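Residue numbers (the numbering used here): 121 to 199. This report refers to the structure that appears directly beneath it.
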């Protein structure tokens, strides 16, 4: 049985939240290092595939059957 904290949440729930927060911090650090090395990062935003270059420019892209990327349009930078 997990112990309740003063705010009504369990110790386990607090541990899960803290672990998620720490993991997110590490992901942000790794992304920054990856970009500092001049590498792009890839993610989706509002259902669009996005390639963000190290300088912050963002492009919607489509992956071709041969593995190459086709740039569709430039997007506003991430907020």
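Cβ coordinates follow ideal geometry from the N, Cα and C atoms, glycine included. Predicted model, so just to flag it, every value in this text is computed and none were measured.
- If you look at residue 165, you'll find it in the beta strand (DSSP E) that goes 161-165.
- The beta carbon of residue 189 sits closer than 8 Å to those of 171, 181, 182 and 183, all from its chain and outside the five residues before and after it, given in chain order.
- For residue 182, there is no enclosing alpha helix (DSSP H); the enclosing beta strand (DSSP E) covers residues 178-183.
- One Cα belongs to residue 168, the other to residue 131, and the distance between them is close to 38 Å.
- Here residue 173 carries a coil assignment [DSSP, helix/strand/coil].
- Here the alpha carbons of residue 179 and residue 127 stand approximately 44 Å from one another.
- In terms of Cα proximity to residue 147, the closest of 195, 175 and 161 is 161.
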